[in-house]
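Protein chains in written order, with this note's numbering: chain F, 1 to 845; chain E, 1001 to 1233. Backbone N, C-alpha and C define an ideal beta-carbon position, used for all residues, glycine too. Shown next, in structure tokens, is the structure this report addresses.
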Amino acid sequence: MIFVLRMAVRETRASWKRLLFFFICIAVGVAAIVTLRSVIQSVRDVFGSEAKGLLAADVLIATNREWPPAARATIDRRLLEAGSTARTETIETPTMVRPTDRSKPVAKMVELRAVQPEYPLYGAVVLQGADRYSYALLRDHGALVRPELLTALGVEVGDEITIGQAPFAIRGVIVSEPGRRVGGFSLGPRVIIDYADLPSTGIISFGSRADRRLHAKVPDDRIDDLVRELRADFKDDFVNTRSYRSTEDQIGRDFERAENYLSLVGLIIVILGGIAVSSVTRVFILQKIRSIAVLKCVGARSAQIIAVYILQVMALGLAGSLLGVAMARGVIAAIALALGGSTSLLAQAHYGVTWSAAAQGVGIGVLVSLLFAVVPLLQVRFIKPSLLLRDESVRRRRDWLSAVTMAAVSAALVALTAWQAASLRVGVVVCAGFAGLAVVLHFAGRGLVALVAPLSASRSFPLRHAVLHLSRPGNQTRVILLAVGLGAFFIVGVRSLQASLLGEFSVQVDADAPDMFLLDVQKPQVEGVRAFLGDRSHGAGEFQLIPVMRARVTAVSGRETMLDSPEAVRQSGMSIGREFTITYRDRLESNERVVEGAFWLSPSTEPEVSVERDLAVRARLHVGDTIRFDILGRPLAARITSIRDVEWRESRNGGFVFVFRPGVLDQAPQTWVAPLKGPATPADRARFQHDLVVRFPNVSVIDFHEILETIRDVMSKVTLAITVVGGLVLFSGVLILVGAVAMTKFQRVYEAAVFKTLGANTRTIARMLLFEYGVLGSVAGAIGSLGAVALTWGVSKYALEIPWRVFPREHVAGILLTALLVASIGVLSSLDVLRNKPLATLRAE
Amino acid sequence: MIELREVSKTVMSGSEPLTILHPLSLRIPQREFVAIVGPSGSGKSTLLGLIAGLDAPTSGSVLIDGVDITRLGEDALAKLRGEKIGFVFQFFHLIPSLTAYENVAVPMEIAGVDAVRSRAHQLLEEVGLTGRSHHYPSQLSGGEQQRVALARALANDPPIVLADEPTGNLDSANGRLILDLLRAIHQKRGTTIVLVTHDRELAALADGRLVLRDGRVVENTLHEDADKEAVRK
Chain F
1 MIFVLRMAVR
11 ETRASWKRLL
21 FFFICIAVGV
31 AAIVTLRSVI
41 QSVRDVFGSE
51 AKGLLAADVL
61 IATNREWPPA
71 ARATIDRRLL
81 EAGSTARTET
91 IETPTMVRPT
101 DRSKPVAKMV
111 ELRAVQPEYP
121 LYGAVVLQGA
131 DRYSYALLRD
141 HGALVRPELL
151 TALGVEVGDE
161 ITIGQAPFAI
171 RGVIVSEPGR
181 RVGGFSLGPR
191 VIIDYADLPS
201 TGIISFGSRA
211 DRRLHAKVPD
221 DRIDDLVREL
231 RADFKDDFVN
241 TRSYRSTEDQ
251 IGRDFERAEN
261 YLSLVGLIIV
271 ILGGIAVSSV
281 TRVFILQKIR
291 SIAVLKCVGA
301 RSAQIIAVYI
311 LQVMALGLAG
321 SLLGVAMARG
331 VIAAIALALG
341 GSTSLLAQAH
351 YGVTWSAAAQ
361 GVGIGVLVSL
371 LFAVVPLLQV
381 RFIKPSLLLR
391 DESVRRRRDW
401 LSAVTMAAVS
411 AALVALTAWQ
421 AASLRVGVVV
431 CAGFAGLAVV
441 LHFAGRGLVA
451 LVAPLSASRS
461 FPLRHAVLHL
471 SRPGNQTRVI
481 LLAVGLGAFF
491 IVGVRSLQAS
501 LLGEFSVQVD
511 ADAPDMFLLD
521 VQKPQVEGVR
531 AFLGDRSHGA
541 GEFQLIPVMR
551 ARVTAVSGRE
561 TMLDSPEAVR
571 QSGMSIGREF
581 TITYRDRLES
591 NERVVEGAFW
601 LSPSTEPEVS
611 VERDLAVRAR
621 LHVGDTIRFD
631 ILGRPLAARI
641 TSIRDVEWRE
651 SRNGGFVFVF
661 RPGVLDQAPQ
671 TWVAPLKGPA
681 TPADRARFQH
691 DLVVRFPNVS
701 VIDFHEILET
711 IRDVMSKVTL
721 AITVVGGLVL
731 FSGVLILVGA
741 VAMTKFQRVY
751 EAAVFKTLGA
761 NTRTIARMLL
771 FEYGVLGSVA
781 GAIGSLGAVA
791 LTWGVSKYAL
801 EIPWRVFPRE
811 HVAGILLTAL
821 LVASIGVLSS
831 LDVLRNKPLA
841 TLRAE
Chain E
1001 MIELREVSKT
1011 VMSGSEPLTI
1021 LHPLSLRIPQ
1031 REFVAIVGPS
1041 GSGKSTLLGL
1051 IAGLDAPTSG
1061 SVLIDGVDIT
1071 RLGEDALAKL
1081 RGEKIGFVFQ
1091 FFHLIPSLTA
1101 YENVAVPMEI
1111 AGVDAVRSRA
1121 HQLLEEVGLT
1131 GRSHHYPSQL
1141 SGGEQQRVAL
1151 ARALANDPPI
1161 VLADEPTGNL
1171 DSANGRLILD
1181 LLRAIHQKRG
1191 TTIVLVTHDR
1201 ELAALADGRL
1211 VLRDGRVVEN
1221 TLHEDADKEA
1231 VRK
């Protein structure tokens, strides 16, 4: 044992510099794991402890329509029984806001929240500057707004804004508020007003999309019972009840999932490092062959020698992992520093490396180093001391022990990934996917190296030797191609996808298709809105006015499907339990096609419905079946007379799952929506919205150009995040490259000395290196680009269902930049190959 | 006692078998200083490797103190070498990542003996390298490296030292020094020494000689044992 320990120390002392880069690669992966896990754990702690604040209540009872008639009485009774100590109500609705000052012709959609004096029961509304929130700020038509609204409308604190028909004075700027989901999608900035002032706006009319919420304080031991009872009471109504505990649980689950999945990114980098460790161990053993033979000659057993190198690998793995933890500490400190001035919930977390994250990171770093080194180390057994007497090459051999070890290592890797992802299935899928990708990249690499092989017959001496070097004994070509190629794949892939998606969306917005959408047009306003839109002076192009109602399926009586209650519909698992927006009309839209039955051409007093094909297939609905609907509280049974195929990509004029035959619903309570082509310039669009809202204060306008901006913004953040991940992978590729150069340098120095002796000058050798790494980089870039093409094809076709497009600029840039990166790093790390004097090198050999 | 019974070695040269050593039998008694002589390619080093258990014979058996080492596995052979045989190579074969002291200490550490440090330094002193113990092989001259190799071979005080052309890579002065050291070891410790050389002058200094040519013994002046029962093919 003493021998093993001492030898491990001596070997590490002698070779750590050559192996350093591979273990820095492990360090980067461990740093990623530790950082992600620690940050998410810290944030989760805050969110967990703030669950009441997030909900602003112990129990929240909500509905997105008028409270059902008996509901208030039921809620009152249940809250009383549960010993509720406080309650308050809010209403949230999207609506349009404009400056009261008519000289500013702009309007913007906002998310309005009307609150009562007791709001919030938990948490706090934080205002900008020295202002502290109090209900008094809202009383008598006061409003608190998010800063982005001030910018959008060109107003400031003290100015008046008009909501619906009522003017409000801006009395403060909101920094944060309870119950606003972090990163959640919103239709516009928040505005808070007094609950009592809401009726004066006139925006809550029939069919408005308003979310009514009742927040209650309830003794802790009664919460679960109350939630259960209320859920039972309202199982057939659109009333939703939840407690801070379920929110807490949900948040816990969300964060856990995020933590586990994000950590896989770190794990992939560690595994890349592991592959590099495996590859380098193989070369290392080849270089150590004589020393190993000597050790055997003086009495060492194979197991002792393997133990020496395993100990060395573990020591370096441990050092790399500890370095990773230190790096994570640095990054986390920087995050805390960056968030220092912020007042968001995120800034309230106590950021630091958590023990569990550090332990996991270090464990993974050491374990992966060990797992990947074991198989190549087994080759030590085949080294015979007789090679000291005559030159014998040691062939790589496989025996049952290697096979068993390889199987055990694979199983351990799957187990490791499964542990990190907290799911065996994910572990298997990720490992299989990674192995598949590695195999594909491996073969692509071989194919491409074979493709450039003819260059080895080139007349250019440097190019010829550069290509030959790619397949020199002990080369690291494959592992560099894998790591650098994978990094390039991530980056080029996500950039192409972003370009593809934005391109697709821009095409849709820029074409003649509608790019604005009016909501909540009341029936009496239909003709007025029609006249407004028809008036060319307002700048609108083509438009349509479509009646819409919200409905729910309560029963199905059909050939295949029989569901006799809302409960049965909900539990059927056929995705027909949700709320649908329905319409009626007497013609098909251009994006629709009847695939079964016949579409009506005229009104009828018999209720008939046409069903979209995908849903019909899922719920096994057929022509002739009867569906019972609840349309805003009124039951209606309609017979299916046709099944329609809807091209959703062209559904800007309204894609509806259920379309009714006119005649039955015409007089039912309904609102209208209007897709339209808005004015061309941003200024005209702002004026158009302003003028419309002045005339029809309750009507909301969704501007697709603004949504495109939001999407662009969100996507660039996502792209940045994935690019950072790809960058880390690429960085580990570069580390492996530098490591590989360091590892095989003695060979290169010797070759360069021989070339110099034979008359090659430094420039020729520099060109040779430049060509070699240039070719390697181009091949890695090409692999990444090809992978990216495949990725965009797959994602476009199957996930996004958009036309597949290739972006040559991204791909060419990807290949060129990768080639440049690899060539410059390769040459820079080989500078001493160029500088060495040949005689000294040859003498040393 | 070293005993070889009908030992031969054949290797594949391309697709053709090539016999390096034709079947031979011999005995080397304890405390002998033996030279194996012959031109290049005569099978000297192969014979030495077979005695050390560095290589396995194609046929026959090799006995060290009555133990048939051809029946031993790699690990048992390693143990035997560690305890009973010291080896000196023509090309020194020191471990480049270890200092002179560490190279000498390794066999003792493997064997798990005590007082490694003092013994390693004592051995280095014996070969005249006090003060060079912390130098790496690349910082030593050829003669110095071979002396370290000799000290390493003596680390566990083995009864047998096998030397494969130990002076072949050295100038005459250094060669003479190594040879003097070997003789001193033989006389002081009574170590059996088997020396491979193609230098007949060097061989003349030995107690007995074995001359090989083309894998066969052409001359044997070993004092094989009391009844001088040398068997030769």
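Any Cβ of chain E closer than 9 Å to the Cβ of Pro838(F) would place that residue at the interface, and such an atom is absent.
Identification of chain E residues near Lys296(F) by a Cβ-Cβ cut-off of 9 Å yields Leu1054, Glu1074, Leu1077, Ala1078, Arg1081, ordered along the chain.
Contact between the segment 741–748 of chain F and the segment 37–56 of chain F is absent: fewer than 3 CB-CB pairs across the two stretches fall below 8 Å. Judged by DSSP secondary structure, Lys1079(E) falls within the alpha helix (DSSP H) whose first and last residues are 1074–1084. For Pro454(F), the three-state secondary structure derived from DSSP is helix.
For Glu579(F), the closest alpha carbon among the candidates Thr554(F), Thr561(F), Arg585(F) is that of Thr554(F). Residues of the segment 1031–1061 of chain E that bring their beta carbon within less than 8 Å of a beta carbon in chain F comprise Ser1045, Thr1046, Leu1048, Gly1049, Ala1052, Leu1054, Asp1055, in sequence order.
Listed by position along chain F, the residues whose Cβ is nearer than 8 Å to that of Arg1152(E) are Val298. Nearest to Val609(F) by C-alpha distance, out of Val623(F), Arg618(F), Ile223(F), Val617(F), is Val623(F).
Where Ile576(F) is concerned, there is no enclosing alpha helix (DSSP H), because DSSP gives it neither an H nor an E. Between Leu463(F) and Val449(F), the beta carbon gap of about 14 Å keeps them out of contact (Cβ cut-off 8 Å).
Within the DSSP bridge table, the entry for Ala114(F) names Ile91(F), Ile193(F) as partners. Not a single C-beta of chain E is nearer than 9 Å to the C-beta of Arg472(F). Relative to the Cα of Leu501(F), the nearest Cα in the group Thr93(F), Arg712(F), Val430(F) belongs to Arg712(F). Counting only unbroken stretches of 3 or more residues, the beta strand (DSSP E) elements lying wholly within the segment 488–569 of chain F are 516–522, 546–557, in sequence order. Taking 4 residues as the minimum length, the alpha helix (DSSP H) runs contained wholly in the segment 248–330 of chain F are 289–297, in order along the chain. A direct Cα-to-Cα measurement between Ala1155(E) and Leu1124(E) gives close to 10 Å. Membership of Ile163(F) in the beta strand (DSSP E) is indicated by the continuous run 160–163.
Taking the Cα positions, Ile815(F) is about 17 Å away from Ala499(F). Here the C-alpha atom of Arg78(F) lies approximately 16 Å from the C-alpha atom of Arg213(F).
No residue range can be given for Glu647(F), since it is assigned to no beta strand (DSSP E) and is classified by DSSP as neither H nor E. Residue pairing of Asn240(F) in beta bridges, as defined by DSSP: Ala62(F).
Using a Cβ distance threshold of 9 Å, Leu378(F) and Ile271(F) do not count as a contacting pair.
Nearest CB-CB separation between Ser15(F) and chain E: below the 9 Å threshold.
A Cβ-Cβ separation of about 20 Å leaves Leu1162(E) out of contact with Gly1142(E) under the 8 Å criterion. In chain order, Gly299 make up the part of chain F whose C-beta sits under 7 Å from the C-beta of Ala1111(E). Residues of chain E whose Cβ lies closer than 8 Å to the Cβ of Phe3(F) are, in chain order, Val1106, Glu1109, Ile1110, Gly1112.
At least one C-beta of chain E is nearer than 9 Å to the C-beta of Gln304(F). Closer than 9 Å to the CB of Asp1164(E) there is at least one CB belonging to chain F. Ser565(F) and Phe658(F) have their C-alpha atoms some 19 Å from each other. In the three-state reduction of the DSSP assignment, Ala1163(E) falls in the strand class, which pools E and B. Beta-bridge partners assigned by DSSP to Phe658(F): Val611(F).
Beta-bridge partners of Ser176(F) (DSSP): Val126(F). In this structure, DSSP gives Trp804(F) a state outside helix and strand, which the three-state scheme calls coil. For His1093(E), the chain F residues whose Cβ falls inside 7 Å of its Cβ are Arg290, Val294, Leu388, in order along the chain. With respect to Val1011(E), Leu1018(E) sits close: the two C-beta atoms are nearer than 9 Å.
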